[in-house]
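Please read the structure below before turning to the comments.
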Amino acid sequence: YDFSGMRNFTEFSRIAYELGMYSLVRLGPYVCGEWENGGLPWWLLTRNITMMRSSDNEFEKAVDEWYSILLPLIKPLMRHNGGPILMLQVENEYGSYKACDTSV
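Under the working numbering, the letters of the sequence shown match residues 44 to 147, in that order.
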């Protein structure tokens, strides 16, 4: 995982806060934002995942891996910890996509 340079969202959040703004972080797994593949990395297609954005075990493992890296970076920056991040968005437009798992 590369959070350097333009990918350094923690530094971006700190700078925004210094300028008087708060942050909302779309942590995914699917963020849309007109990102290619909704922000899901293409290497996920190399895994044995039956359906993205579902309760598929392999997809859930990939999400758990992502959260295990991302959440420790976000936690100290949350507003209730004195940081600039007010809210987290876990998914985007879930259910409006035909492949979304309707059992979730």
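Backbone N, C-alpha and C define an ideal beta-carbon position, used for all residues, glycine too. Because the structure is a prediction, the values reported are computed rather than measured.
Check, Outcome
"Stretch pair the stretch 95-103 + the stretch 120-128: three plus CB contacts closer than 8 Å", "no"
"Run of the beta strand (DSSP E) containing ILE128, from where it starts to where it stops", "128-132"
"Burial state of PRO72, where buried means 16 or more other Cβ atoms lie within 10 Å", "buried"
"4 or more residues per run - each alpha helix (DSSP H) lying fully within the stretch 67-127", "100-117"
"6 Å CB neighbourhood of LEU131 in its chain, flanking five on each side removed", "VAL68 and LEU70"
"For LEU129 and SER66, believed in contact at Cβ under 8 Å, the rounded distance", "7 Å"
"Coil, strand or helix - MET49 by DSSP", "helix"
"Three-state class that DSSP yields for TYR65 in the structure shown", "coil"
"Buried versus exposed call for ILE117 [16 or more other C-beta atoms within 10 Å across all chains shown]", "buried"
"When VAL74, ARG50 and PHE52 are compared against GLU136, the one with the closest alpha-carbon", "VAL74"
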